[in-house]
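Below: one structure, written as structure tokens.
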Amino acid sequence: MTNKRTLAVAVASLVIGLVVLGLKLLAWRMTGSVALYSDALESIVNVVTAIAALAAVRLAQKPADAALPYGYHKVEYFSAVLVGVMIIVAAILIVREAYFGLMAPEMPGAPVEGLAISAAATAINLVWAFSLIRYSRKVRSPALEADGKHLMTDVISTIGVLIGLVLVFLTGFAPLDSILAGLVALNILWSGWGVIRDSIGGLMDVAVPPETQKLIREVIAGNAEGAIEAHDIRTRQAGKMTFIDFHLVVPGVMSVEAAHAICDGIEAKLREAVEDVMITIHVEPEEKAKHNGIVVV
1 MTNKRTLAVA
11 VASLVIGLVV
21 LGLKLLAWRM
31 TGSVALYSDA
41 LESIVNVVTA
51 IAALAAVRLA
61 QKPADAALPY
71 GYHKVEYFSA
81 VLVGVMIIVA
91 AILIVREAYF
101 GLMAPEMPGA
111 PVEGLAISAA
121 ATAINLVWAF
131 SLIRYSRKVR
141 SPALEADGKH
151 LMTDVISTIG
161 VLIGLVLVFL
171 TGFAPLDSIL
181 AGLVALNILW
191 SGWGVIRDSI
201 GGLMDVAVPP
211 ETQKLIREVI
221 AGNAEGAIEA
231 HDIRTRQAGK
241 MTFIDFHLVV
251 PGVMSVEAAH
261 AICDGIEAKL
271 REAVEDVMIT
281 IHVEPEEKAK
291 HNGIVVV
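Quick note on full-length UniProt numbering: the sequence shown kicks off at 1 and runs consecutively.
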């Protein structure tokens, strides 16, 4: 059910992106504003982002197979990197338009209608960005979170553009339109770098957050009765999946069946504490104890 809902959210993000793009293109056509044109270019990136997120979410839901025994979860990070690159490309295009606008500044037209349409598109983006970020963190989807963060950046950029255009119409200073477009480009560049930076961490098998690591250690310590210690505890995050592996030292005289029962108990409690988790436990005899892990006896 969660997978179907996540896929539905990704589809909805694409539909909303197309609607907002249409509104922003209409606002630009009505005004001829370079700043609104740059805003519309960013919305094209929103649509590409939504398509990438949809493809990544769908592929990430595929079960593990012989080719990828650990699953397809990391595809969401590749999607997020693609989003970051597209954001940077959009920023470069906007800088180009801003430069030409400064060389031959013109006053935008149809101020009231154009600003009203752009404001309506921004309101839609704002509501959806909040909803998307909240949902993506709930299901731990890097692709949807990258999409939501970019939408929020778009909202901030558009608000700045709208305020600036009001000043353009009030002061009659036409070059300000192109200056606003340049500022939008800088904001987009920063957003793109942030998305790429966060995604690279996932591709490099970054460990789970410190609070989650602490929880994992507490669960192991509290549910390994009969063992001696647990050491070499490692974690990594891949999309919504959390991977945990560690060595569990047991008395040398303990039977395989008894050691297996301890492992089953630890795994059951870890699955209750951490969602979407894959656990690997390597059982060792007591002479392998390192005396620097979690003492459980």
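Note that CB positions come from ideal geometry on N, CA and C, so glycine has one too. The structure presented is a predicted model; accordingly, all values stated were derived computationally and were not measured.
So, is residue i buried or exposed, given that buried needs 16 or more other C-beta atoms within 10 angstroms?
{"i": "Asp39", "result": "buried"}
{"i": "Ile163", "result": "exposed"}
{"i": "Trp193", "result": "exposed"}
{"i": "Val57", "result": "buried"}
{"i": "Ile262", "result": "buried"}
{"i": "Ala258", "result": "exposed"}
{"i": "Leu167", "result": "exposed"}
Check whether the Cβ atoms of residue i and residue j sit closer than 8 Å, and answer yes or no.
{"i": "Val95", "j": "Ala185", "result": "yes"}
{"i": "Phe243", "j": "Met278", "result": "yes"}
{"i": "Gly109", "j": "Thr49", "result": "no"}
{"i": "Leu215", "j": "Ala230", "result": "no"}
{"i": "Tyr77", "j": "Ser199", "result": "yes"}
{"i": "Thr6", "j": "Val139", "result": "yes"}
{"i": "Gly202", "j": "Pro142", "result": "yes"}
{"i": "residue 298", "j": "Gly172", "result": "The chain is shown only over 1 to 297; residue 298 falls outside these bounds and no answer can be derived."}
{"i": "Val47", "j": "Leu21", "result": "yes"}
{"i": "Ser157", "j": "Glu42", "result": "yes"}
In whole angstroms, give me the CA-to-CA distance for residue i and residue j.
{"i": "Ser178", "j": "Gly101", "result": "5 Å"}
{"i": "Gly114", "j": "Leu68", "result": "50 Å"}
{"i": "Val208", "j": "Ile294", "result": "18 Å"}
{"i": "Leu165", "j": "Ala12", "result": "30 Å"}
{"i": "Pro63", "j": "Lys240", "result": "13 Å"}
{"i": "Arg137", "j": "Ala146", "result": "10 Å"}
{"i": "His291", "j": "Ile233", "result": "13 Å"}
{"i": "Val83", "j": "Leu144", "result": "11 Å"}
{"i": "Ala55", "j": "Ala27", "result": "30 Å"}
{"i": "Thr122", "j": "Gly160", "result": "11 Å"}
Could you check how far apart the C-beta atoms of residue i and residue j are, in whole angstroms? I think they sit under 8 Å.
{"i": "Ala227", "j": "Val253", "result": "About 13 Å; that fails the 8 Å criterion."}
{"i": "Val195", "j": "Ala80", "result": "6 Å"}
{"i": "Asn187", "j": "Leu151", "result": "Not confirmed; about 13 Å, so no contact."}
What does DSSP give as the partner residue(s) for residue i in the beta ladder?
{"i": "Leu248", "result": "Ala230 and Val283"}
{"i": "Val19", "result": "Val19 is not bridged to any residue."}
{"i": "Glu225", "result": "Ala227"}
{"i": "Val277", "result": "Thr242"}
{"i": "Arg236", "result": "Phe243"}
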